[in-house]
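In the UniProt record's numbering, the protein residues as written are 1 to 344.
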């Protein structure tokens, strides 16, 4: 009996619920799948599956065995991939989850650079601001903004995420410029309304004893809120990776810089594994440091010459020509093979 093939057979039957479906998944005959399961039950001295005319159900022992066997098989696959990668490039498909606005604005250049460096790695990118269940939904890695609450996951910091309160100059001309958090009462507030967001918590901590501003518009997409703010629709609290370009262009003005909330961070999050697949290791190592420190989207401070209503940050050395304010230079890929710092 091949113990590994028998493990795969039991895991497939428990997952699929029938010998026929398991056989299709494993590309073998139902008779061979049944033979492997029977041999394993005989070897262990315990029944793993209860068979009926319509469906196969795992026993308690079968459920436990299938769960542990899946972990063993994952480790074996990782080990073989890693050993194979000692003599070759990273390869295979990488399933990635990422926040919508960040991915649309800043992920495309990185993915292109990454696949130029690792052409054998395919990317299946799914955009969702929801905190996906990495294991249950089959993702290799998720890019997340905020605090990591699941201690069973590994998180690698990619870049700081700075939150700023801002509004369009024409809005402030009509409604006045807040000088302290208490002045926000009565203003039109464009609220980011996604359930998993840390932004609203940051705003409440920031306001302290101040009265929360009344909500004029709520949306689960930061780009919509920023565009509404640019049009003069109200005050918005958003990450600079969304609103930084508009600030540099003068379309938005930073408010209450002395009360800026503590920054969040962008993380690459993945399930804990003893052995990390080379494609995932290369992805994480490549994206760490890719966006710079501070990231290029925060360089609007220097682009506006430090004079934009108390943005309150030091100029970044090596800034671009002031005539090109809205398009900071995109960084170059940092790979394990070529560790070049991103341009300042």
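Each residue gets a CB set at the ideal place from its N, CA and C atoms; glycine is no exception.
Distance between residue 124 and residue 7 (C-alpha atoms, nearest Å): Within the chain shown, numbered from 1, the residue matching residue 7 stands at position 7. Within the chain shown, numbered from 1, the residue matching residue 124 stands at position 124. For the pair residue 7 and residue 124, the Cα-to-Cα distance works out to about 28 Å.
Per-residue DSSP class, three states only, for residue 57: Counting from one through the chain shown, the residue named residue 57 turns up at place 57. Residue state, collapsed to three classes: strand.
Buried or exposed (CB count within 10 angstroms, at least 16 for buried), residue 52: Counting from 1 along the chain shown, the entry for residue 52 is found at position 52. That one is exposed.
Reference residue 110; option with closest CA among 72, 285, 294: Here the question's residue 110 lines up with position 110 in the chain shown. Looking at 72, 285, 294, the one whose alpha-carbon comes closest to that of residue 110 is 285.
Residues that residue 23 bridges to, as DSSP identifies them: Residue mapping note: residue 23 aligns to position 23 of the chain shown, counting from 1. DSSP links residue 23 through a beta bridge to no other residue.
Stretch pair the region 176–191 + the region 288–302: three plus CB contacts closer than 8 Å: When Cβ pairs closer than 8 Å are counted between the two stretches, the region 176–191 is seen not to touch the region 288–302, the count staying below three.
Assigned exposure category for residue 134 - 16 Cβ within 10 Å defines buried: Residue 134 sits at position 134 when you count from the first residue of the chain shown. A buried status is given to residue 134, since no fewer than 16 other beta-carbon atoms sit within 10 Å of its beta-carbon.
Under 8 Å between C-beta atoms of residue 235 and residue 255: Here the question's residue 235 lines up with position 235 in the chain shown. Here the question's residue 255 lines up with position 255 in the chain shown. Contact flag set, yes.
Beta-carbon gap between residue 9 and residue 37 smaller than 8 Å: Counted from its first residue, the chain shown places residue 9 at position 9. Counted from its first residue, the chain shown places residue 37 at position 37. It is a contact, given that the beta carbons lie within the stated cut-off.
Cβ neighbours of residue 55 in the same chain (closer than 8 Å, five flanking residues each side left out): Here residue 55 is taken as the residue at index 55 of the chain shown, counted from 1. Within the same chain, residue 55 has close Cβ partners 17, 18.
Inter-residue CB distance, residue 66 and residue 14 (contact presumed, cutoff 8 Å): Sequence index remark: in the chain shown, residue 66 carries index 66 (1-based). Sequence index remark: in the chain shown, residue 14 carries index 14 (1-based). Their Cβ separation, rounded to whole angstroms, is 4 Å, which keeps residue 66 and residue 14 in contact under 8 Å.
For residue 6, the three-state DSSP class (helix, strand or coil): Looking up residue 6 in the chain shown gives position 6. The three-state reading of DSSP puts residue 6 in helix, counting H, G and I together.
Alpha carbon of residue 312 to alpha carbon of residue 248, nearest angstrom: Working through the chain shown from its first residue, we reach residue 312 at position 312. Working through the chain shown from its first residue, we reach residue 248 at position 248. Any reading at residue 312 needs caution, since the residue's pLDDT is 32, under 50, leaving its predicted position unreliable; the model's value is listed next. The alpha-carbon separation between residue 312 and residue 248 amounts to approximately 14 Å.
Residue environment, residue 57, which counts as buried when at least 16 other CB atoms sit within 10 Å: Residue mapping note: residue 57 aligns to position 57 of the chain shown, counting from 1. If you draw a 10 Å sphere on the C-beta of residue 57, you find fewer than 16 other C-beta atoms in it, and that means exposed.
Beta-carbon proximity of residue 164 to residue 243, cut-off 8 Å: Residue numbering aside, residue 164 sits at position 164 when the chain shown is read from its first letter. Residue numbering aside, residue 243 sits at position 243 when the chain shown is read from its first letter. With contacts defined by Cβ atoms closer than 8 Å, residue 164 and residue 243 form a contacting pair.
Identity of the residue in 221, 94, 299 nearest residue 119 by Cα: Indexing the chain shown from 1 puts residue 119 at position 119. If you compare the alpha carbons of 221, 94, 299 with that of residue 119, the shortest gap goes to 94.
Per DSSP, cross-strand counterpart(s) of residue 49: Walking along the chain shown from the start, residue 49 turns up at place 49. Secondary-structure assignment with DSSP links residue 49 through a beta bridge to 58.
Proximity below 8 Å, CB of residue 280 to CB of residue 113: For the purposes of this step, residue 280 is taken as the residue at position 280 of the chain shown. For the purposes of this step, residue 113 is taken as the residue at position 113 of the chain shown. No, Cβ-Cβ distance for residue 280 and residue 113 is not below 8 Å.
Residues near residue 154 in its chain [Cβ-Cβ closer than 6 Å; skip 5 each side]: Sequence index remark: in the chain shown, residue 154 carries index 154 (1-based). Closer than 6 Å at Cβ, skipping near neighbours: 270, 272.
First and last residue of the uninterrupted alpha helix (DSSP H) at residue 247: Working through the chain shown from its first residue, we reach residue 247 at position 247. For residue 247, the uninterrupted alpha helix (DSSP H) run begins and ends at 240–248, by DSSP.
Contacts around residue 91, its chain only, beta-carbon distance under 7 Å, and the 5 residues preceding and following it disregarded: To locate residue 91, count along the chain shown from 1; it is residue 91. Annotation for residue 91: 120, 121, 279 place their beta carbon closer than 7 Å to its own, counting only its chain and skipping 5 residues before and after.
Residue 230 versus residue 22: straight-line alpha-carbon distance, rounded: In the chain shown, counting from the first residue as 1, residue 230 sits at position 230. In the chain shown, counting from the first residue as 1, residue 22 sits at position 22. One C-alpha to the other measures close to 55 Å.
Beta-carbon spacing of residue 130, residue 265 below 8 Å: To locate residue 130, count along the chain shown from 1; it is residue 130. To locate residue 265, count along the chain shown from 1; it is residue 265. Not in contact: residue 130 and residue 265 (Cβ atoms no closer than 8 Å).
Cβ-based burial, residue 251 [other Cβ within 10 Å; buried from 16]: Mapped onto the chain shown, residue 251 falls at position 251. Of the residues assessed, residue 251 falls on the buried side of the cut-off, its CB having 16 or more other CB atoms within 10 angstroms.
Run of the alpha helix (DSSP H) containing residue 281, from where it starts to where it stops: Reading the chain shown from its first residue, position 281 is the one you call residue 281. Residue 281: member of the alpha helix (DSSP H) spanning 278–287, first to last residue.
For residue 30, the first and last residue of its enclosing beta strand (DSSP E): One-based indexing of the chain shown puts residue 30 at position 30. First-last for residue 30: 30–44, but that is the alpha helix (DSSP H), not the beta strand (DSSP E).
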